[in-house]
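A quick write-up on the structure given underneath.
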Amino acid sequence: MLGPRLVRRVVPVAVDLSKDFDPIVGRVLAARGIQTASSLDTALTGLARPEQLSGMAIAVELLAEACVAQRRICIVGDYDADGATSCALALRALAMLGAGPVDFVVPNRFEYGYGLTPPIVELVCAKGAQVLITVDNGMSSIEGVAAAKAAGLCVIVTDHHLPGATLPAADAIVNPNAQGDAFPSKALAGVGVIFYVMLALRARLRQDGWFAARGIPDPNLGELLDLVALGTVADVVPLDANNRCLVAQGLARLRAGRCVPGLTALIRIAGKDPRRLVAADLGFALGPRLNAAGRLADMATGIALLTSDDPRTCERIARELDGMNRARRDIEQDMKTQAMAIVANLLDTPGTAVPAGICLYDEHWHQGVIGVVAARIKEHYHRPVIVFARGEDGELKGSARSIPGVHIRDVLDALATHNPGLLGRFGGHAMAAGLALQASDLARFTAAFAAEVTRVVDPILLERVLLTDGELAPGDFSLALARQLSELVPWGQGFPEPIFEGLFGVRERRVVGEQHLKLKLELPGGALIDAIAFNAVEAPWAASAASIYAAYRLSVNEWNGKESLQLMIEHATAGV
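Going by our numbering, the first residue of the sequence shown is number 15, and it counts up by one from there.
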């Protein structure tokens, strides 16, 4: 496939944010809609208010009653990093708030599948629960909520996934994406939603004099922002102003070492310096290790890491998760190679173009890794992709990943409407979704999916475009600028880290780690700068190009206690 077309971001008139900012920083922020220094404020006082979430008042009333009566509460989580952090946060917060006995159930994806289902309700009832709280799931659990209500449970759904046409008959639903909800941030992750519920519950209990009457210290729920930051970044939700505040505050705790012991152990096993931790480390180092438990085994292991206060236990679990993550990477690489071969074989047919939407399946693929593989194929072909694995009783489980501008859950909803009976369960949001269908319907679904994406997509969206922040002058390449950009604000989905572009001479190159290129590049004027290009040894320019035109990020490289500027090459072509 051809590389992306580089397009420079439109920069409104940049405002001088502060004399302390490099002018390049002002240019970068202006291109992302930031015009004033106050827009960068990540103080907790700037957070949207909990009471703005619809359903919050009812949920808090029910939870306050449960605390007073010391009713048994059970949290039902999800098997990804957002679900694990949501579950751990709820368990820790309810203990801090003086709730009665609290336990949890997290579905094993291979045995129970996603969400609150009737079999999961049976497990909850076996624990003697009287109140059931879902975290990061529940909006599509119509049958599960009905079963819970029939069993006499009080059911509170907290979720962030988009609702379907029919809502579960829960006693309370708290979801910023519920129809008519006035909460200003629709991008909250599941962990953000349950954090807000706990904030509102604390306010109610404080108002009722609960803490004074019980002799409980007024709890500081800010201590749980490390979990909020990890779950938010790992779930790849947009980092709007509200989420940037949550992530920035969580990162501050992580950098200061004021986090749950499990995250301290996970940071250490990932080889990261907590003092230098950035949002990308949560997404690419900590999140995958936590997710590995849900992908290959049982997310109860990940929740155990996040809820334990014993450093030795945390160290043991972190090592276990690291081993799972290495195994996951090996499985992923094999599946990705096979998936790429399937698409290449399809395209070998004369006159065949890459379909607008790609579906892939192999009966031997691992169900826990299909989402990661879908993301890799999406990145390569810049198409919405669904990867399937074999489930039970002739059913296939699918994981979908999409591209900007193609709302994958809406595509599945429209496909189900136009093809009654073809699609089984499905749910998700704009960029990711899960689904199930009968294996016998795969060929028909594959054609229907490609047709539906073709129907709704603007063809220009299928062209890969890499937005850049323009060129830097030779004098702009400085360690100070790299530090300022790195530490200024959490970068992530919807608020992307700056990428610059420019022409460089290639003076040295060597292969590291079998697949990566370590480079010495020459700037205009003759100065040399280090760079690294990951997975680039087979790129057309890699072997002999005397110069390259590159899109790159500025990074701070630390080696033997010394810091230096390094360029991280995102894309390059041979220079002219």
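Built from N, CA and C at the ideal position, the CB exists for glycine as well.
Because the structure is a prediction, the values reported are computed rather than measured.
> Cβ atoms of M153 and L176: under 9 Å apart, would you say?
Replying inline: Within the sequence shown, residue 176 is the residue found at index 162, counting from 1. Within the sequence shown, residue 153 is the residue found at index 139, counting from 1. For L176 and M153, yes; Cβs fall inside 9 Å.
> Does the separation of the CB atoms of A164 and V138 fall below 9 Å?
Replying inline: Working through the sequence shown from its first residue, we reach residue 164 at position 150. Working through the sequence shown from its first residue, we reach residue 138 at position 124. No, the Cβ-Cβ distance between A164 and V138 is not below 9 Å.
> Do you know how far the Cα of A248 is from the Cα of F459?
Replying inline: For the purposes of this step, residue 459 is identified with residue 445 of the sequence shown, where counting begins at 1. For the purposes of this step, residue 248 is identified with residue 234 of the sequence shown, where counting begins at 1. Between F459 and A248, the C-alpha separation is close to 30 Å.
> Using the beta-carbon count (16 or more within 10 Å), is Q221 buried or exposed?
Replying inline: The count along the sequence shown starts at 1 and reaches residue 221 at position 207. Answer is exposed; the Cβ neighbour count stays below 16.
> Which class does K163 belong to by DSSP, given the choice of helix, strand or coil?
Replying inline: Along the sequence shown, one-based indexing puts residue 163 at 149. It is helical.
> If you drop the 5 nearest sequence neighbours on each side, which residues of the same chain put their C-beta closer than 8 Å to that of A346?
Replying inline: Looking up residue 346 in the sequence shown gives position 332. The question names Ala, yet the displayed sequence has Glu at residue 346. V383, V386, V387 and R390, listed in sequence order.
> DSSP puts L480 in a beta bridge; with which residues?
Replying inline: Position 466 of the sequence shown holds residue 480. Paired residue(s): L20.
>> I need the DSSP call for R567, collapsed to helix, strand or coil.
In response: In the sequence shown, residue 567 corresponds to position 553, counting from 1. R567: strand per DSSP, three-state reduction.
> Helix or strand or just coil, what does DSSP make of L111?
Replying inline: Here residue 111 refers to the residue found at position 97 when the sequence shown is read from its first residue. Coil.
>> Does the distance between the C-beta of G408 and the nearest non-hydrogen atom of the ligand NAP fall short of 8 Å?
In response: In terms of ligand content, the structure shown is empty, and the ligand NAP therefore cannot be addressed.
> Is the region 393-412 touching the region 83-101 in the sense that three or more CB pairs, one from each, lie closer than 8 Å?
Replying inline: no
> Thinking C-alpha only, which one of S500, L486 and E125 is nearest A564?
Replying inline: By 1-based counting over the sequence shown, the position of residue 564 is 550. Closest by alpha carbon: L486.
> Out of D323, A107, Q529 and P115, which has the shortest C-alpha to C-alpha gap to R10?
Replying inline: In the structure displayed, the chain extends from 15 to 590; residue 10 sits before or after that span and is not available.
> Counting only runs that start and end within the region 210-249, where is the alpha helix (DSSP H) found for 4 or more residues in a row?
Replying inline: 224-228 and 239-248
>> Could you compute how far the alpha carbon of D96 sits from the alpha carbon of A450?
In response: Residue 96 sits at position 82 when you count from the first residue of the sequence shown. Residue 450 sits at position 436 when you count from the first residue of the sequence shown. Computed Cα separation, rounded: 21 Å.
> If you draw a straight line from the alpha carbon of A294 to that of W505, how long is it in whole angstroms?
Replying inline: The residue labelled residue 294 in the question sits at position 280 within the sequence shown. The residue labelled residue 505 in the question sits at position 491 within the sequence shown. Between A294 and W505, the C-alpha separation is close to 7 Å.
>> I'd like to confirm the pairing. Which residues does DSSP put opposite H530 in its beta bridges?
In response: Counting from one through the sequence shown, the residue named residue 530 turns up at place 516. V526.
> Between which two residues does the alpha helix (DSSP H) containing Q352 stretch?
Replying inline: As a working mapping, residue 352 is identified with position 338 in the sequence shown. Counting along the chain, the alpha helix (DSSP H) containing Q352 begins and ends at P325 to L361.
>> Rounded to the nearest angstrom, what separates G316 and E237 at their Cα positions?
In response: Here residue 316 refers to the residue found at position 302 of the sequence shown. Here residue 237 refers to the residue found at position 223 of the sequence shown. G316 and E237: Cα-Cα distance of roughly 19 Å.
> Which term fits P190, buried or exposed, when burial requires 16 or more other beta carbons within 10 angstroms of its beta carbon?
Replying inline: To locate residue 190, count along the sequence shown from 1; it is residue 176. It counts as buried.
>> Helix, strand or coil, according to DSSP, for Y375 in the structure here?
In response: On the sequence shown, position 361 is the one that residue 375 refers to. DSSP places Y375 in strand when its eight states are reduced to three.
> How about L495 and S561: do their beta carbons lie closer than 9 Å?
Replying inline: One-based indexing of the sequence shown puts residue 495 at position 481. One-based indexing of the sequence shown puts residue 561 at position 547. Against a cut-off of 9 Å, the Cβ pair of S561 and L495 comes out as no contact.
> Counting pairs of Cβ atoms below 8 Å between the region 59-67 and the region 198-212, do you hit three or more?
Replying inline: yes
>> So that I know if they touch, is there some Cβ in chain C lying closer than 9 Å to that of A107?
In response: Going by chain labels, chain C is absent from the structure shown, which holds only one protein chain.
> Leaving out five residues before and five after A160 in sequence, what residues of the same chain have Cβ atoms less than 7 Å from its Cβ?
Replying inline: Counting from 1 along the sequence shown, the entry for residue 160 is found at position 146. Here the set comprises A183.
> Relative to the C-alpha of P369, which residue among E377, D254, V357 and A447 is closest?
Replying inline: Looking up residue 369 in the sequence shown gives position 355. Ranking E377, D254, V357 and A447 by Cα distance to P369 puts V357 first.
> Is it right to say H432 is buried, meaning 16 or more other beta carbons lie within 10 angstroms of its own, or is it exposed?
Replying inline: As a working mapping, residue 432 is identified with position 418 in the sequence shown. Classification for H432: exposed.
> In three-state terms, what does DSSP make of R41?
Replying inline: Translated into the one-based positions of the sequence shown, residue 41 becomes position 27. Helix at R41.
>> Tell me which residue opens and which closes the alpha helix (DSSP H) that G276 is part of.
In response: Here residue 276 refers to the residue found at position 262 when the sequence shown is read from its first residue. Taken as a continuous stretch (DSSP letters only), the alpha helix (DSSP H) holding G276 covers P275 to I283.
> Who pairs with V145 in a beta bridge, going by DSSP?
Replying inline: Sequence index remark: in the sequence shown, residue 145 carries index 131 (1-based). Bridge partners of V145: I87 and C168.
> What residue ranges within the region 367-423 form continuous alpha helix (DSSP H) runs of no fewer than 4 residues, ordered along the chain?
Replying inline: 384-395
>> Tell me the rounded alpha-carbon separation between L67 and A102.
In response: Numbered from 1 along the sequence shown, position 53 holds the residue referred to as residue 67. Numbered from 1 along the sequence shown, position 88 holds the residue referred to as residue 102. Going from the Cα of L67 to the Cα of A102 covers about 22 Å.
> Taking all protein chains shown into account, do 16 or more other C-beta atoms lie within 10 angstroms of the C-beta of R303, making it buried, or fewer, making it exposed?
Replying inline: By 1-based counting over the sequence shown, the position of residue 303 is 289. Its Cβ being crowded by 16 or more others within 10 Å, R303 is buried.
> According to DSSP, which residues form a beta bridge with T587?
Replying inline: Counting from 1 along the sequence shown, the entry for residue 587 is found at position 573. DSSP output for T587 lists Y563 as bridge partner(s).
>> Am I right that A98 and M313 are in contact with their C-beta atoms under 8 Å? What's the rounded C-beta distance?
In response: Locating residue 98 in the sequence shown gives position 84, where the first residue counts as 1. Locating residue 313 in the sequence shown gives position 299, where the first residue counts as 1. Contact holds; Cβ gap of about 5 Å.
> Between the Cα of D185 and the Cα atoms of D55, V74 and A196, which residue gives the shortest distance?
Replying inline: Residue 185 sits at position 171 when you count from the first residue of the sequence shown. When only C-alpha atoms are compared, the closest one is V74.
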